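4 is the number of the first residue of the sequence shown in the numbering used here; add one for each residue after it.
We put the beta carbon where it would ideally sit given N, CA and C, even for glycine.
As the structure is a computational prediction, the values presented were derived from the model and not from experiment.
The structure under discussion appears below in the form of structure tokens.
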Amino acid sequence: MTFEHQPVLLQEVLDLLEPACCHHIVDGTVGGGGHAAALLAAAPADAELLGLDRDDAALAAAAVRLAPFGQRAHLARCRYSRLEDAADELGWEHVDAVLLDIGISSHQIDSAARGFAHRLDGPLDMRMDRRERTTAATLLNQASAEELERIFRTFGEEPRARQVARAVVERRAERPWERTGELAELVLRVAGRPHERGLPAATRVFQALRIAVNGELDELAAGLRAALELLRPGGRLAVICFHSLEDRMVKEFFREQAAPCVCPPDFPICACGRVATLRQVTRKPVTAGAAELDVNRRAASAKLRVAEKL
Ligand SMILES: C[S@@+](CC[C@H](N)C(=O)[O-])C[C@H]1O[C@@H](n2cnc3c(N)ncnc32)[C@H](O)[C@@H]1O
């Protein structure tokens with residue numbers, strides 16, 4: 004299977020990350036290497052890029068895509084929350100730009116064997132890093148009804164989270180969960196509404212499980228802090244999110260780090276001692292234009308935010 008993935012908001016990332024001024028770039032979610040290749044092409048001839056991914060199939064595709072850049076492209080199988088360790092291995096103390104294009108690639112979602120898609124029957128896997136132990140089946144077969152409800156409600160914003168969680172637990176008393184098709188069928192029966200607006204229930208539940216299996220929100224919280232640490236003053240961080248929970252986390256993080264003093268306005272002098280660590284380059288999230296949406300529907304939910312380290 005070839006690696007099919009169109010990088011989203013590519014021109015916007017290039018405009019805002021300013022690769023022409025970069026010597027060391029980290030792409031924390033290199034995927035098929037689409038953004039990485041464009042960043043390297045736009046950077047000075049001696050600039051280098053470190054691409055990270057948890058998924059071995061993504062790294063294999065990125066290696067092919069970035070081969071024309073030779074020694075300028077470095078790849079590592081690593082979570083982006085550990086990007087400082089990966090940069091350290093190369094002896095990079097600081098970098099000029101970090102990109103996080105989070106979530107999953109079209110390649111992952113279109114591979115039935117990876118178990119991410121409710122429309123394709125496959126094993127209930129959903130691990131980005133297939134060396135990890137916990138799969139979606141593990142959670143469905145072992146987590147309590149309360150834990151499953153929390154996952155479906157928090158990460159999927161599924162209004163019928165309790166009903167779905169109870170049905171999952173009832174069904175596993177008969178036989179263990181194994182296939183995506185079986186879960187999609189159950190969700191449709193318990194939470195599907197034929198003429199509903201917004202995401203279908205199966206999309207919400209599958210997304211919730213994927214986020215839980217891969218600990219995606221914890222990764223994001225740690226990754227934002229790590230990126231800020233690694234950037235040099237004046238360096239830029241660009242984050243693309245596809246999920247409102249994640250976009251909210253980025254927005255809050257940027258707002259907190261950009262706000263210097265948090266003392267009440269009637270304090271005569273600052274008691275909190277806080278200093279701003281970044282400047283928001285994008286006040287509002289950047290979204291895809293009509294031309295991109297015509298060729299890539301996946302871009303519809305993408306939101307890009309960029310900040311500069313002070
Ligand atoms: C949306 S795709 C990135 C596509 C890439 N920008 C391109 O142009 O091809 C997201 C990628 O990030 C990886 N990923 C998600 N969370 C990760 C994490 N915490 N650490 C490292 N890689 C992660 C996924 O495995 C996937 O390959």
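Could you name the residues of the same chain whose beta carbon sits closer than 7 Å to that of residue i, not counting the 5 residues immediately before and after it, in chain order?
i	result
D193	Inspection of the sequence shows that residue 193 is occupied by Val rather than by Asp. So the qualifying residues of the chain are R163, Q166, V167 and A170.
G73	none
H8	G34, G35, G37, S108, S109 and H110
A139	G118, L127, D128, M129, L212 and V216
T280	L231, Q260, K312 and L313
R282	A261, A310, E311 and L313
Where residue i and residue j are concerned, what is the direct C-alpha to C-alpha distance, given to the nearest angstrom?
i	j	result
H97	E188	49 Å
A211	D58	19 Å
L13	H77	20 Å
V208	C273	46 Å
L314	E92	Coverage of the chain is limited to positions 4 through 313, which leaves residue 314 absent and any answer about it impossible.
G226	A120	26 Å
A146	V309	37 Å
E149	L142	12 Å
A241	G31	10 Å
P179	E173	10 Å
R228	I112	28 Å
L123	D269	59 Å
R258	R251	10 Å
A46	A23	4 Å
A63	L52	16 Å
R239	G195	42 Å
L103	V67	20 Å
D221	D49	34 Å
H26	L86	17 Å
L223	G184	29 Å
A294	L151	39 Å
DSSP on residue i, reduced to helix/strand/coil?
i	result
D30	strand
D104	strand
A241	strand
R282	strand
A89	helix
L69	helix
R80	strand
V11	coil
V289	strand
D297	helix
R117	helix
D18	helix
D128	coil
D99	strand
First and last residue of the alpha helix (DSSP H) that includes residue i?
i	result
V253	S247 to A261
H38	G37 to A45
A139	A139 to Q145
R231	The amino acid at residue 231 is misidentified as Arg; the sequence shows Leu. E219 to L233 is the extent of the alpha helix (DSSP H) around L231.
I112	S109 to I112
I328	For the chain, the structure presents residues 4 to 313; residue 328 sits outside this window and is missing.
F155	A148 to G159
Q166	A164 to R175
E185	T183 to A194
Could you pull the start and end residues of the beta strand (DSSP E) that residue i belongs to?
i	result
D56	E51 to D56
R308	K306 to K312
Near residue i, what residues of its chain come up, given a Cβ to Cβ distance below 6 Å and the 5 sequence neighbours on each side ignored?
i	result
M131	R57, D58 and N217
R156	A164
With a threshold of 7 Å between beta-carbons, can residue i be considered close to chain C, or not?
i	result
E295	Looking at the structure shown, chain C is missing, and only one protein chain is on hand.
Got a sec? Which residues, its chain only, sit under 8 Å from residue i by beta carbon, not counting five neighbours each side?
i	result
A305	V11, L12, I243, C244, F245, T290 and A291
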